[in-house]
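Colleague: First the structure, which I've put down as structure tokens, then a few questions once you've had a look.
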Amino acid sequence: MPGICGFYLNVPGLIMTDSSIRPLSPADQGWLVAFLTERWGSTRMVARGVLYEVTDHPGFVAVDPADADARIGLITYHIAGDQCEITLLDSVRENRGIGSALVAAVEEVARAAGCTRLWLITTNDNLRALGFYQKRGFAMAALYRHALAESRKLKPEIPLIGMHNIPLRDEIEFEKRLD
Ligand SMILES: CC(C)(COP(=O)(O)OP(=O)(O)OC[C@H]1O[C@@H](n2cnc3c(N)ncnc32)[C@H](O)[C@@H]1OP(=O)(O)O)[C@@H](O)C(=O)NCCC(=O)NCCS
């Protein structure tokens, strides 16, 4: 995919009580494919009508400090021009600060790369994400009604019913201005 930012940045000071954050590396590829397939049904994602392979994107992984093999969170991103998109965020051990630390790591990369906007797409059923991002400085930038119908043409494995038994229908764009 053109425009992918291929560099990684070490983020000092992000060692936390119950996880450490490190950049994804080629050694993570096998785990990454298994993790995405198990938790998301595929390594392929669709956002704003664009199908992409998450495995092509740089990112960070959260690791249990007591067990370097235990990966407990993942974030990936894609930088195009001065825009940085979070293309996947998944925390395996919720409510321990892992999701927040992963977002902070990507924000730091985006700022270092001169990005003026950090953005992402989530879906109407993801009530937890709607709260999570707003509490972390993101605001709703757009609502794309019935976008999932188009996404299913590219990725038929997207279910009709999402979290909390809510029909999976719309895309919501969140943004955080970095300038
Ligand atoms: C949304 C998601 C990424 C949040 O990840 P998380 O690791 O639970 O996030 P955090 O732990 O940083 O924050 C969650 C809450 O835990 C709280 N928390 C953080 N550390 C804590 C601790 N040590 N003890 C208790 N609570 C804690 C935070 O204050 C936060 O609460 P708040 O939102 O009311 O402020 C996670 O729920 C997830 O992966 N969901 C499934 C995939 C998904 O929906 N991804 C987003 C798609 S766009």
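Sequential numbering of the sequence shown, starting at -7, is according to this note's numbering. The C-beta atom is built at its ideal place from N, Cα and C for all residues, glycine as well.
So, are the CB atoms of L66 and D48 less than 8 Å apart?
Modeller: As a first step, residue 66 must be located in the sequence shown, where it is residue number 74. As a first step, residue 48 must be located in the sequence shown, where it is residue number 56. No, the pair does not count as a contact, with Cβ atoms beyond the cut-off.
Colleague: Where does H156 sit, in a helix, a strand or coil, going by DSSP?
Modeller: Taking the first residue of the sequence shown as position 1, residue 156 is located at position 164. Of the three classes helix, strand and coil, the one that applies to H156 here is helix, per DSSP.
Colleague: Pull the bridge partners of W111 from the DSSP assignment, please.
Modeller: Taking the sequence shown and counting its residues from 1, one reaches residue 111 at position 119. DSSP lists E77 and E167 as partners of W111.
Colleague: Leaving aside the five residues before and after E167 along the sequence, list all residues of the same chain whose C-beta is less than 6 Å from its C-beta, in chain order.
Modeller: Position 175 of the sequence shown, counted from the first residue, corresponds to residue 167. Answer for E167: R109, W111 and A133, listed in chain order.
Colleague: Please determine, among V98, S34, L28 and T115, the residue with the shortest C-alpha to C-alpha distance to I172.
Modeller: Outside the modelled stretch of the chain, which goes from -7 to 171, sits residue 172, for which no answer is possible.
Colleague: Between the alpha carbons of L160 and C76, how many angstroms are there, rounded?
Modeller: As a position in the sequence shown, residue 160 is number 168, starting the count at 1. As a position in the sequence shown, residue 76 is number 84, starting the count at 1. Near 25 Å, if we compare the C-alpha coordinates of C76 and L160.
Colleague: Locate the beta strand (DSSP E) running through V53, then write down its first and last residues.
Modeller: In the sequence shown, residue 53 corresponds to position 61, counting from 1. Counting along the chain, the beta strand (DSSP E) containing V53 begins and ends at G51 to D56.
Colleague: Tell me, please, whether the stretch 140 to 156 touches the stretch 90 to 106 by the rule of three or more beta-carbon pairs shorter than 8 Å.
Modeller: Because the criterion of three Cβ pairs below 8 Å is not met, the stretch 140 to 156 and the stretch 90 to 106 do not touch.
Colleague: Skipping 5 residues on each side, what residues in its chain have a beta carbon closer than 6 Å to that of T114?
Modeller: Numbered from 1 along the sequence shown, position 122 holds the residue referred to as residue 114. Only A121 and I164 meet the Cβ criterion.
Colleague: Is E163 close to ligand 1? I mean its beta-carbon at under 7 Å from any heavy atom of the ligand.
Modeller: The sequence position of residue 163 within the sequence shown is 171, counting from 1. Not under cutoff, so the answer is no.
Colleague: Return the first residue and the last residue of the alpha helix (DSSP H) that R103 is part of.
Modeller: Here the question's residue 103 lines up with position 111 in the sequence shown. First-last of the alpha helix (DSSP H) with R103: I90 to A104.
Colleague: Take L140 and list the residues in its own chain whose beta-carbon comes closer than 8 Å to its own, dropping the five residues that flank it on each side.
Modeller: For the purposes of this step, residue 140 is taken as the residue at position 148 of the sequence shown. Excluding residues within five positions, the ones whose Cβ falls inside 8 Å are T115, I150, L160, R161, D162 and E163.
Colleague: Quick one: grab the DSSP three-state call for P151.
Modeller: Residue 151 sits at position 159 when you count from the first residue of the sequence shown. Correct three-state label for P151: coil.
Colleague: Helix, strand or coil for V42? Go by DSSP, reduced to three states.
Modeller: Taking the first residue of the sequence shown as position 1, residue 42 is located at position 50. V42 falls in the strand class under three-state DSSP.
Colleague: Is the beta carbon of I64 closer than 8 Å to that of R85?
Modeller: For the purposes of this step, residue 85 is identified with residue 93 of the sequence shown, where counting begins at 1. For the purposes of this step, residue 64 is identified with residue 72 of the sequence shown, where counting begins at 1. Contact: yes.
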